[in-house]
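Single-structure report; data block below.
Residue numbers (our numbering), protein chains in the order written: chain A, 1 to 251; chain B, 252 to 565.
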């Protein structure tokens, strides 16, 4: 456990030692801040049937920033170790492959969570100034942040897998960006193709991050997406683990 | 401590090492020599558990490096070639992290990190970023890392490459001292280094072991051992004919140097022909200006064994 803790700490520190972390943080706060500002000003112009909180988590701005951050967070995880050769001292220390994979995944997750913490302030400030609730219920907050976590875990796992198959960070970023974008649009297909069979639509619905966020941000916590994202995360991490082990045979 | 049996490693299309077998006993300092690309790093990487062999077995302290990799790795301090390090960490921070990975007990962490910093002369740079260190200091960080868990076995892949002569001397002293408590397997290109520090030497060439013995035995085995240089004015004599008559001299080559004849004699090992040469010179009234025995070095052994494809030394 101490080894895992040391590995995790090294990953998290690694983020804050590199300029990428701060670039991502600033970029992300900028986009989410602009998002929040626009949502509030739209709602000032005409009556709306949704809350500020719902609007914030379901806007184009939000999704734009959302799919973009994962490649940036995950591209260095394994690729950098391969490139710098630091994988050699790492894997000749008595640590298990699984410990390393999990430490990298959870390290990325910690950074991802840190990224979202400031957005809580938006709602607090909104309530303080307007004396209006930003959401219908506390359940809505729980729901939207829970969905952020679930989606985040799945997409970060994809990023880990992309990073483990190459020693080039750019290649890793492109692979994960394309995969995540593709998955994201797969969920949109059901809105475009109206004539596809209902079974197909239902299957595609599982990929629909937008739909899941829609329900969760209203405070409706459906267990189906939860099981889906958790099992997909476990599945992709297993693939990552296998790919990481295969390095020995590719050398 | 190390036991290697019929170890073979094939990369796509080529064989890096072929059927290696050797043993390193407790407390030995084993030198691992060979031209570039001979398979030294491959062998060390397999022993360190970084990659599996294609066939054959290797074990460290009785633990198979593949089947019981974790146990084997926890008994080992490995310093890879070129010492890859995280440039964004500070020296102490890095060593703390490595100590935790290697399972150094928490309460002994500070003590061990302090000890290895002292031993490797890292006190001056302990707060510096690794990325800002010079090559010599990076090398020392790698060595300090290998020593952290007080392993029974140290595997050092070219620990002195890229160091200046003073640093090489320091590292050599350090290794000699470490050899009192640890078993060491080290590879290097610097042959005098091996003569001075190692108790046994393996010479590997094209993935195969060509020689495995103590430096002394290796030296006495080679044909070129015991060369003698004679510089003389031989008057009307040719010199070569007369010298060849001395028993034990196998071959004589000669070149002229401003009126002096410079003879290089190849002598059978174990014989000292200098008294005979002196007597000959005195009898023939040659004027002698040099008569010296050239001690064979490991370099001669190395060149003799590996010269077939004329790979130079680094």
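From the three backbone atoms N, C-alpha and C, an ideal C-beta is built for every residue, glycine too.
Any C-beta of chain A under 8 Å from that of residue 433 (chain B): Along the second chain, one-based indexing puts residue 433 (chain B) at 182. It does not; no Cβ of chain A falls within 8 Å.
Best match in A:220, A:111 and A:101 for proximity to residue 136 (chain A) [C-alpha to C-alpha]: Translated into positions along the first chain, residue 136 (chain A) becomes position 136. Of the listed residues, the one whose Cα sits closest to residue 136 (chain A) is A:220.
Anticipated Cβ contact below 8 Å, residue 403 (chain B) with residue 14 (chain A), distance rounded: In the second chain, residue 403 (chain B) corresponds to position 152, counting from 1. In the first chain, residue 14 (chain A) corresponds to position 14, counting from 1. Not quite, the Cβ-Cβ distance comes to about 31 Å (not below 8 Å), so this is no contact.
Under the three-state DSSP convention, the category residue 423 (chain B) falls into: The residue you call residue 423 (chain B) lines up with position 172 of the second chain. Reduced to three states, the DSSP call for residue 423 (chain B) is helix.
In DSSP terms, what residue 535 (chain B) is bridged to: Translated into the one-based positions of the second chain, residue 535 (chain B) becomes position 284. None, per the DSSP bridge assignment.
Residue nearest to residue 222 (chain A) in terms of C-alpha spacing, selected from A:25, A:180, A:146 and A:105: Translated into the one-based positions of the first chain, residue 222 (chain A) becomes position 222. Cα-wise, what sits closest to residue 222 (chain A) is A:146.
Buried versus exposed, by CB contacts within 10 Å (16 or more), residue 538 (chain B): Within the second chain, residue 538 (chain B) is the residue found at index 287, counting from 1. Answer is exposed; the Cβ neighbour count stays below 16.
Proximity test, Cβ basis, 8 Å: residue 12 (chain A) and chain B: Against the first chain, residue 12 (chain A) aligns to sequence position 12. Judged by the 8 Å Cβ criterion, residue 12 (chain A) is not in contact with chain B.
Contact list for residue 379 (chain B) against chain A, beta-carbon separation under 8 Å: In the second chain, counting from the first residue as 1, residue 379 (chain B) sits at position 128. None at all; the shortest Cβ gap to chain A is about 14 Å.
For residue 265 (chain B), the residue or residues it bridges with in DSSP: Here residue 265 (chain B) refers to the residue found at position 14 of the second chain. Residue pairing from DSSP places residue 265 (chain B) in a beta bridge opposite B:262.
CB-CB length for residue 350 (chain B) against residue 399 (chain B), believed under 8 Å: Position 99 of the second chain holds residue 350 (chain B). Position 148 of the second chain holds residue 399 (chain B). 5 Å between Cβ atoms; contact.
Cβ of residue 103 (chain A) within 8 Å of any chain B Cβ: The count along the first chain starts at 1 and reaches residue 103 (chain A) at position 103. It does not: the Cβ of residue 103 (chain A) has no partner Cβ on chain B nearer than 8 Å.
Min CB distance residue 354 (chain B) to chain A below 8 Å: Position 103 of the second chain, counted from the first residue, corresponds to residue 354 (chain B). Chain A, which has a Cβ nearer than 8 Å to the Cβ of residue 354 (chain B), makes this yes.
Nearest-angstrom Cα separation, counted from residue 199 (chain A) out to residue 355 (chain B): To locate residue 355 (chain B), count along the second chain from 1; it is residue 104. To locate residue 199 (chain A), count along the first chain from 1; it is residue 199. When rounded, the distance between both Cα atoms is 56 Å.
Contact the stretch 185-193 of chain A vs the stretch 98-108 of chain A: 3+ CB pairs below 8 Å: Touching, no, given that fewer than three Cβ pairs across the two stretches are closer than 8 Å.
Cβ of residue 18 (chain A) within 8 Å of any chain B Cβ: Taking the first residue of the first chain as position 1, residue 18 (chain A) is located at position 18. Yes, residue 18 (chain A) counts as interfacial toward chain B.
First through last residue of the alpha helix (DSSP H) which encompasses residue 462 (chain B): As a working mapping, residue 462 (chain B) is identified with position 211 in the second chain. Here residue 462 (chain B) belongs to no alpha helix (DSSP H); instead the beta strand (DSSP E) covers 459-464.
Neighbouring residues, chain B, relative to residue 95 (chain A) (Cβ below 7 Å): Counting from 1 along the first chain, the entry for residue 95 (chain A) is found at position 95. Result: 352.
Residue 330 (chain B) in three-state terms, based on DSSP: Numbered from its first residue, the second chain carries residue 330 (chain B) at position 79. Under the three-state reduction of DSSP, residue 330 (chain B) is assigned to strand.
Residue 140 (chain A) classed as buried or exposed, judged by whether at least 16 other C-beta atoms fall within 10 angstroms: Walking along the first chain from the start, residue 140 (chain A) turns up at place 140. With 16 or more other Cβ atoms within 10 Å, it is buried.
Chain A contact for residue 301 (chain B) (CB, 8 Å cutoff): Counting from one through the second chain, the residue named residue 301 (chain B) turns up at place 50. By this cut-off, residue 301 (chain B) is an interface position.
One or two residues paired with residue 186 (chain A) in a DSSP bridge: The residue you call residue 186 (chain A) lines up with position 186 of the first chain. BP columns for residue 186 (chain A) are empty, so no partner.
Contacts of residue 325 (chain B) in chain A (Cβ-Cβ under 9 Å): Here the question's residue 325 (chain B) lines up with position 74 in the second chain. Chain A residues near residue 325 (chain B): 93 and 94.
Top-ranked residue by Cα proximity to residue 394 (chain B), from B:445, B:335, B:291 and B:361: Looking up residue 394 (chain B) in the second chain gives position 143. Comparing Cα positions, the closest option is B:335.
Cβ-Cβ separation, residue 513 (chain B) to residue 505 (chain B) (assumed contact under 8 Å), whole Å: Counting from 1 along the second chain, the entry for residue 505 (chain B) is found at position 254. Counting from 1 along the second chain, the entry for residue 513 (chain B) is found at position 262. With a Cβ gap of about 7 Å, residue 505 (chain B) and residue 513 (chain B) count as contacting.
C-beta contact flag for residue 448 (chain B) and residue 279 (chain B) at 8 Å: Within the second chain, residue 448 (chain B) is the residue found at index 197, counting from 1. Within the second chain, residue 279 (chain B) is the residue found at index 28, counting from 1. The Cβ-Cβ distance between residue 448 (chain B) and residue 279 (chain B) does not fall below 8 Å.
Of the residues A:154, A:201, A:30 and A:173, the one placed nearest residue 227 (chain A), counting alpha carbons only: Counting from 1 along the first chain, the entry for residue 227 (chain A) is found at position 227. With distances taken between Cα atoms, residue 227 (chain A) lies closest to A:154.
Neighbour flag for residue 258 (chain B) against chain A, beta carbons, 8 Å: Here residue 258 (chain B) refers to the residue found at position 7 of the second chain. Not an interface residue.
Residue 143 (chain A), buried or exposed, once every other Cβ within 10 Å from all chains shown has been counted against 16: Here the question's residue 143 (chain A) lines up with position 143 in the first chain. A buried status is given to residue 143 (chain A), since no fewer than 16 other beta-carbon atoms sit within 10 Å of its beta-carbon.
Residue interval of the alpha helix (DSSP H) (run including residue 227 (chain A)): Locating residue 227 (chain A) in the first chain gives position 227, counting from the first residue. That run of the alpha helix (DSSP H) goes 223-250.
Interface residues of chain A facing residue 339 (chain B) [CB-CB closer than 9 Å]: As a first step, residue 339 (chain B) is located in the second chain; it is residue number 88 there, counting from the start. Those within 9 Å of residue 339 (chain B) in chain A are 13, 14, 17 and 18.
Chain B within 8 Å of residue 6 (chain A), Cβ atoms only: Locating residue 6 (chain A) in the first chain gives position 6, counting from the first residue. By this cut-off, residue 6 (chain A) is an interface position.
Where the beta strand (DSSP E) through residue 514 (chain B) begins and ends: Reading the second chain from its first residue, position 263 is the one you call residue 514 (chain B). Looking at the DSSP string, the run of the beta strand (DSSP E) that includes residue 514 (chain B) is 511-518.
Proximal chain B residues relative to residue 218 (chain A), where beta-carbon distance stays under 8 Å: The residue you call residue 218 (chain A) lines up with position 218 of the first chain. Neighbours of residue 218 (chain A) on chain B: none; closest Cβ ~42 Å, over 8 Å.
For residue 41 (chain A), the three-state DSSP class (helix, strand or coil): The residue you call residue 41 (chain A) lines up with position 41 of the first chain. Helix, per DSSP.
C-beta neighbour in chain A for residue 403 (chain B), strict 8 Å: Sequence index remark: in the second chain, residue 403 (chain B) carries index 152 (1-based). Not one chain A Cβ lies under 8 Å of residue 403 (chain B).
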